[in-house]
Every structure is written in structure tokens, then in C-alpha cells.
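Following numbering that gives the first Met the number 0, the numbering of the sequence shown begins with 0 at its first residue and continues without gaps.
Beta carbons: idealized from backbone N, C-alpha and C, even for Gly.
These notes are about the structure you will find just below.
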Amino acid sequence: MKPNYSVNTAPKRSDEPIWWSLFGAGGTWFAMITPVTVLVLGILAPLGIIDAQALSYERVVSFATSIIGALFIIGTLALPMWHAMHRVHHGMHDLKIHAGVVGKIGCYAFAGLISALAVVFIFML
0 MKPNYSVNTA
10 PKRSDEPIWW
20 SLFGAGGTWF
30 AMITPVTVLV
40 LGILAPLGII
50 DAQALSYERV
60 VSFATSIIGA
70 LFIIGTLALP
80 MWHAMHRVHH
90 GMHDLKIHAG
100 VVGKIGCYAF
110 AGLISALAVV
120 FIFML
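Put into C-alpha cells, the structure is as follows:
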């Protein structure tokens, strides 16, 4: 007997691709950019391997107020937060904590808030 495979010609629209793309971008940023940032700012600079003048207040502010620096700082704060909140949202489901739409809105609203605050603080510099 041949199985009856049918294609749903009117699938339900989902917002998951948006969240999964932010999750993927955040995970990629966290895996590739964050370790280098920690190495430079958390290890090499305090050990004196990088000249302290390279990280002077004036140079850091100049970097942060440039478009590349602003995007870097916003990406460093916002993208891993989207990744983390997507993990929390799906982790709650895996732990049998079914928060439903409220949990989804809470997780993604928090990530959105952190992203918005990163943008606001950058423009306040």
C-alpha cells in the first residue's frame, strides 16, 4: 500500500525564522567575537602586553562614537542577549515550564530592551 503524502498548500505563518536568525547571529557573535574581545580587554591589556595609551579614554570614546565602534558595541551587547533569551525561551519548554505566549513575549521583550538601551547609551556618548 502506497502512503498518502499530501502537501499543505496553506501552511500557518510563523515568526520563528526571525527569532532563529537573531539566535544564530547572537551565537555566532558570541563564539567568534567575544573571545577576542575578552582576550584583548581582559587579559592582554591588564598584563601590559597592549600599551595602556591604546585604550585611553579619548581613544575609546573616539572608537565608540564612530559608526564601526557603535555597531561593534551594540552588537556585543544585543546579539548575545537575543541568543540567550531564545535559549531561555526554549529551555523553559524543555524543562516543562510552559509559559506560552507570555514567556515568549517576556524573553524577547527583555532582549529588545537590552538592544534598545545599547543603542540609546551609544547615542548618549
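> Excluding the five sequence neighbours on either side, which residues of its own chain have a C-beta within less than 7 Å of the C-beta of His82, listed in chain order?
Replying inline: Locating residue 82 in the sequence shown gives position 83, counting from the first residue. Closer than 7 Å at the Cβ level, and outside the excluded window around His82, lie Phe22, Gly25, Gly26, Phe29.
> Where do the ends of the alpha helix (DSSP H) carrying Tyr107 lie?
Replying inline: Mapped onto the sequence shown, residue 107 falls at position 108. From DSSP, the alpha helix (DSSP H) with Tyr107 extends over 99-123.
> Straight-line CA distance for Ile17 to Ala115?
Replying inline: Position 18 of the sequence shown holds residue 17. Position 116 of the sequence shown holds residue 115. Computed Cα separation, rounded: 17 Å.
>> Suppose contacts are defined by Cβ-Cβ distances below 7 Å. Is Ile49 in contact with Ala63 by that definition?
In response: Here residue 49 refers to the residue found at position 50 when the sequence shown is read from its first residue. Here residue 63 refers to the residue found at position 64 when the sequence shown is read from its first residue. Going by C-beta atoms, Ile49 is not nearer than 7 Å to Ala63.
>> Suppose contacts are defined by Cβ-Cβ distances below 7 Å. Is Ala110 in contact with Met80 by that definition?
In response: Taking the first residue of the sequence shown as position 1, residue 110 is located at position 111. Taking the first residue of the sequence shown as position 1, residue 80 is located at position 81. Cβ atoms of Ala110 and Met80: closer than 7 Å.
> Can you give the Cα-Cα distance for His88 and Leu78, rounded to whole angstroms?
Replying inline: One-based indexing of the sequence shown puts residue 88 at position 89. One-based indexing of the sequence shown puts residue 78 at position 79. Using only the alpha carbons, I get a separation of about 16 Å.
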